[in-house]
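Residue numbers (the numbering used here): 49 to 193.
Ideal placement from N, C-alpha and C gives every residue a C-beta, glycine not left out.
Every value quoted in this text rests on a predicted model; they were computed, and no experiment measured them.
Report on one structure; see the data block that follows.
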């Protein structure tokens with residue numbers, strides 16, 4: 049095989065390989081999260097993470113949140129909540145009501161820019177309990193100052 053054919057083959061492999069990666073994501077439906085062991089928080093969204101700190105449900109929320117994060121968030125926000133730069137690094141959110149406010153707004157409303165969905169409205173698919181558990185997990189792996 050001459051050099052031109054090798055270059056063409058590599059170029060074709062790269063183009064088709066990248067197309068495959070782009071098409072492989074598709075429309076991903078968030079995965080159901082089992083929240084057994086966490087209290088029912090009701091339909092009205094709380095203003096602050098109820099599982100933070102010394103909550104009796106903290107450890108269970110971290111456990112549920114780790115699984116839920118890996119199933120539903122890691123593809124964009126990074127493995128172990130370490131962002132690769134595509135989406136915000138959630139570990140950097142303030143572990144206070146201010147960070148909760150941003151988190152809550154995003155999971156309820158999603159993120160759409162110029163008609164493109166950057167993040168689906170996760171609250172349409174996951175319960176408040178599951179989403180606060182994800183927030184609790186992310187806080188648990190945030191860098192300590």
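Are the segment 150 to 160 and the segment 106 to 123 touching by the rule of at least three beta carbon pairs closer than 8 Å? The segment 150 to 160 and the segment 106 to 123 do not touch, with fewer than 3 CB-CB distances between them shorter than 8 Å.
Please determine if the segment 106 to 115 and the segment 176 to 186 are in contact, where contact requires at least 3 C-beta pairs separated by less than 8 Å. Counting C-beta pairs with one atom in each stretch, the segment 106 to 115 and the segment 176 to 186 have three or more that are closer than 8 Å, which means they touch.
Just the C-alpha distance for residue 74 and residue 123, rounded to the nearest angstrom, thanks. With a pLDDT of only 43 at residue 74, under 50, the local geometry of the prediction cannot be trusted, and the value read off the model is given with reservation. If I take the Cα positions, the gap works out to 12 Å.
May I ask you to report which of helix, strand or coil DSSP gives residue 169? In this structure, residue 169 counts as coil in the three-state DSSP scheme.
Going by DSSP, what residues sit across from residue 159 in a beta bridge? Residue 159 pairs with 167.
Going by DSSP in three states, residue 152 sits in which element: helix, strand or coil? Here DSSP, grouped into helix, strand and coil, assigns residue 152 to helix.
Identify whether residue 127 lies in helix, strand or coil by the three-state DSSP scheme. Reduced to three states, the DSSP call for residue 127 is helix.
What residue does the alpha helix (DSSP H) around residue 188 start on, and which one ends it? If you look at residue 188, you'll find it in the alpha helix (DSSP H) that goes 176 to 188.
Given that a residue counts as buried once 16 or more other Cβ atoms are within 10 Å of its Cβ, and exposed if not, what is residue 86? By the 10 Å Cβ count, residue 86 comes out buried.
Span separating the alpha-carbon of residue 106 from that of residue 164: Using only the alpha carbons, I get a separation of about 35 Å.
Looking only at its own chain, which residues have a Cβ that is under 6 Å from the Cβ of residue 161, when we skip the five neighbours before and after it? Correct list: empty, nothing qualifies.
Tell me whether the beta-carbon of residue 81 lies closer than 8 Å to the beta-carbon of residue 174. Taking 8 Å as the Cβ cut-off, residue 81 and residue 174 qualify as a contacting pair.
If you draw a straight line from the alpha carbon of residue 78 to that of residue 100, how long is it in whole angstroms? Computed Cα separation, rounded: 24 Å.
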